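Here is the structure we will look at.
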Amino acid sequence: MSKIISFSSDISTIELPKKFDYPYNYSPHTLAQIATKELQEYLVNQTDFSHNFGIKKPEDVKALGKMFGVLVIEQQDGNLGYVAAFSGKLAESTQHKYFVPPIFDVLDANEFYIKTEEQLNELTHKIVSLENASDFIEIKKVYQETQQLHDNLLTKEQSKIKQRRKLRKELAKQNNQLNINEEFYLREYEVYLNDKIAPLKKVYDTKQQQIEELKQKRANISAWAQQEIFKKYAFLNYRGETKNLLDIFTDSTQNIPAGAGDCCAPKLLQYAYKHQLKPICMAEFWWGKPLQTSIRKHLNYYPACTGKCKPILTHMLQGVTVEENPLVAQLKEEKEITIIHEDADLLVINKPHELLSVVGKEIKDSVFSRIQKLYPKATGPLVVHRLDMSTSGILLIAKNEDTYKALQAQFINKTVQKRYVALLEGVLKDKKGIIELPLRVDLNDRPKQLVCYKHGKKALTKWETIETLDNKTKVYFYPVTGRTHQLRVHAAHHLGLNTAIVGDDLYGKKADRLYLHAEKITFVHPTSKEQVSFIAPAPF
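For the record, in the sequence shown the residue sitting at position 343 is 343 according to full-length UniProt numbering, with numbers rising by one throughout.
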């Protein structure tokens, strides 16, 4: 059955995009927005499946939001339509009539995985039964207690001999023959203890070996099944070439991420290529309850992830004319650094937005490279701290190593006071507060950060409202810690201020710029030992 959906809206006057969206940083084309709106209307009114998205009750712990996507396509007869997809499973199923199928359906009863999973479950049941058997629990307990008792006895004898040797040494009566006799005695005593426990150990080892053999068998089957799944996830590109996950991630430094190939974009493109449909434009959006970790908000658009999707889409978009990364175009624009203060030891500069603090992997233009050219004789590491590329404002530059170390120490000891200005999308209920959400990098979507209470590092931000105007709020941020993207995540996350910074293309919506500016800094000058403050007023 065809999954192509005809537009119910009039799209006859809309001009087609000349190139396909750059998947990792884009603003959806009008056609994709219309397709998205129509899909959302379907989600509101559909009776095809039942899934608790948590839209009305986001506090429901059983609720689960979901990423959806649309791909506008041109059919062979020239007519436009679109196809839709969801990430992973929906309502405990991988297939629904309104959406394109998965690349490989692990839940298909005719495929190997279901039977393999039954085999693995059977092995797990046997292992659990053996481990919980009363005779095994009893023999394990007796063996471990006896082994511990014997270890204690041996340690006790070793301690006695050590004390006797120490005493002989103090009395200057060292006797090598006695030492040899004691070593021989210890070995004999250890053999005696081992012989005594041997029958018990044999029974325990036999049962333990049976369990270990089953575990190894289960591990081998599981590893085989995983490799077979990687092979089954075979992706087409526009040229008709096929690569599976093993092929795609061959040269990657990362392991194949869990869920690779189950996101919306690969599913949509795969369906288009299989049915000779030309991809025109795409959009992915979140529907339902926000996540506790990464930032996902109801109705917001999100680009494809870089960890799971980028290696796959790099292959799948071969043959398609794709837009240039808009970030590259932004970085090509000339941006001027303003020097606020300069003395013999340091500089205080005002960094423009969309300029790196230090040289990147692919982009060389940065504050560091520019200052290095201006001050070729400077001996310090120069850039004392960093600002996000998209953030403008005050940066400290050290002209020599001693100044660098002195300023770094102040940052490490958290004695440097920083004040940022940000413009937020929305109105805040409170006038001030503290946000404490631990952060770590999103391994599947670098450089994004996510909230993680298990592995995240402490991140603390104080804030206060400056003014509210036109449904937007200007605030001061006072970061106590300096984690990557700290202010951006603390603003956007639903456990933080729950409203993104205007222009935040990573955690909110794109605009002409990220409205975040490092406005003020206060520190102790390493030479004069006096506290100094510098201000670069926010340009918004």
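Every residue, glycine too, gets a C-beta built ideally from N, C-alpha and C. In this text, all values refer to a predicted model and were calculated from it rather than measured experimentally.
Status (buried if at least 16 other CB within 10 Å, exposed otherwise) for residue i
i	result
residue 314	exposed
residue 188	exposed
residue 206	exposed
residue 229	buried
residue 68	buried
residue 279	buried
residue 164	exposed
residue 444	buried
residue 288	buried
residue 266	buried
residue 343	exposed
residue 159	exposed
residue 237	buried
Whole-Å CB distance - residue i paired with residue j, under 8 Å assumed
i	j	result
residue 193	residue 294	Contact doesn't hold; Cβ gap of about 56 Å is too wide.
residue 311	residue 412	Not quite, the Cβ-Cβ distance comes to about 37 Å (not below 8 Å), so this is no contact.
residue 55	residue 298	6 Å
residue 358	residue 394	With a Cβ gap of about 16 Å, residue 358 and residue 394 do not count as contacting.
residue 456	residue 428	Between residue 428 and residue 456 the Cβ distance is about 24 Å, and since that is not below 8 Å, they are no contact.
residue 322	residue 19	6 Å
residue 127	residue 204	The pair is not a contact, with the Cβ atoms about 16 Å apart (cut-off 8 Å).
Cut-off 7 Å between Cβ atoms - residues of its own chain near residue i, not counting five sequence neighbours on either side
i	result
residue 154	189, 190 and 193
residue 382	368, 371, 372, 397 and 398
residue 419	476, 478, 519 and 520
residue 136	130 and 207
residue 515	422, 423, 501, 502, 503 and 540
residue 113	106, 225 and 229
residue 123	214, 217 and 218
residue 453	438
Spatial neighbours of residue i in its chain, beta-carbon cut-off 8 Å, leaving aside the 5 residues before and after
i	result
residue 530	524
residue 336	352
residue 196	150
residue 171	none
Three-state secondary structure (DSSP) of residue i
i	result
residue 514	coil
residue 72	strand
residue 329	helix
residue 34	helix
residue 102	coil
residue 278	strand
residue 483	coil
residue 222	helix
residue 2	coil
residue 507	coil
residue 384	coil
residue 67	strand
residue 14	coil
residue 79	coil
residue 107	coil
residue 492	helix
residue 368	helix
residue 407	helix
residue 168	helix
residue 185	helix
residue 293	coil
residue 478	strand
residue 119	helix
residue 232	helix
residue 179	helix
residue 359	coil
residue 42	helix
residue 541	Here the chain comprises residues numbered 1 to 540, so residue 541 is not present and cannot be evaluated.
residue 301	strand
residue 522	strand
residue 201	helix
residue 349	strand
residue 265	helix
residue 497	coil
Own chain residues within Cβ distance below 6 Å of residue i, not counting five before or after
i	result
residue 29	17 and 281
residue 94	102, 105 and 107
residue 538	421, 517 and 519
Residue-level contact to chain C via CB, residue i, 8 Å cutoff
i	result
residue 182	No chain C is present in this structure, which holds just one protein chain.
Residue i CB to nearest heavy atom of the ligand NAP below 7 Å
i	result
residue 113	With respect to the ligand NAP, the structure offers nothing, as it holds no ligand at all.
- Query: Would you call the region 272-291 and the region 432-441 in contact, with 3 or more CB pairs under 8 Å?
  - Reply: no
- Validate contact between the region 84-99 and the region 210-228 using beta carbons, cut 8 Å, 3 pairs: no
- Message: Does the contact criterion of 3 or more C-beta pairs under 8 Å hold for the region 254-262 versus the region 399-406?
- Response: no
- Item | Touch test, the region 314-329 against the region 11-27, Cβ-Cβ under 8 Å, three pairs minimum | yes
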